[in-house]
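Working notes, structure below.
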Amino acid sequence: MKRNLVISSLVLCTGLLLSRCKIYSFTGANFDPNITSISVAYISNNAEGAPATVGDLLTEALKQKMLTTNIPLQDGNGDLHFKGEIISYRYSIQAPAAGQTSEQKRITMAISIASENRINPEENWTKTFTRFIDFPANEDLNIVEEQLINALNTLLVEDVFNKSFVKW
């Protein structure tokens, strides 16, 4: 009888503890179990000089990253909704040392993202993320630009993901 009481108490305590837990992953991400859907609006390209496809590529990259959460992605109004714009896209040549030519070029992209948490509105945020990537000066931008944009998108999307789910 006493043994059954101890086992029942342990099961009850374990159940109570687990019911208050959030879902964690090996990446350090913290997924609120009350969030049952995510939506990503089109990330508009408002940056002067940016290729026309940059908004499409960033939107798709963000959607693909959100699919890794195992929270269903839906069109429209998810419990967690992301929207934003590309606000800056710059191409520059890195300053060479005295008497030398530059061996590096750089693309810098800045995005403004808003996250609306319809379950926990106190977790809403808007933030600007900026990343750059350098590449050899002898490479033709027209040939490598989409590859570089994809690399930038990976960095920016990781920043958005970390802001949303990794709360150390």
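Using this note's numbering, you'd call the opening residue of the sequence shown number 9 and step up by one each time.
Quick reminder that beta carbons are idealized off the backbone N, C-alpha and C, glycines included.
Values in this document were obtained by computation on a predicted structure and should not be read as measured data.
Review point. On the three-state DSSP scale, how would you describe Ser-110?
Key: Looking at Ser-110 - three-state DSSP - the assignment turns out to be coil, as it is neither helix nor strand.
Check your understanding: Buried or exposed: where does Gly-84 fall if 16 or more other Cβ atoms within 10 Å of its Cβ makes it buried?
Key -> Classification of Gly-84: exposed, given that the 10 Å Cβ count is below 16.
**Study point:** Test item: CB-CB of Phe-137 and Ala-118 under 8 Å
**Key:** In contact: Phe-137 and Ala-118 (Cβ atoms closer than 8 Å).
Check your understanding: Under the DSSP definition of a beta bridge, which residues are partnered with Glu-147?
Key -> Beta-bridge annotation (DSSP): Glu-147 is not paired with any residue.
Check your understanding: Is the beta carbon of Gln-108 less than 8 Å from the beta carbon of Asp-142?
Key -> No, these two residues do not count as a Cβ contact at 8 Å.
Exercise for review: With DSSP collapsed to three states, give me the class of Asp-64.
Suggested key: Look at Asp-64 here: in three-state DSSP terms it is helix.
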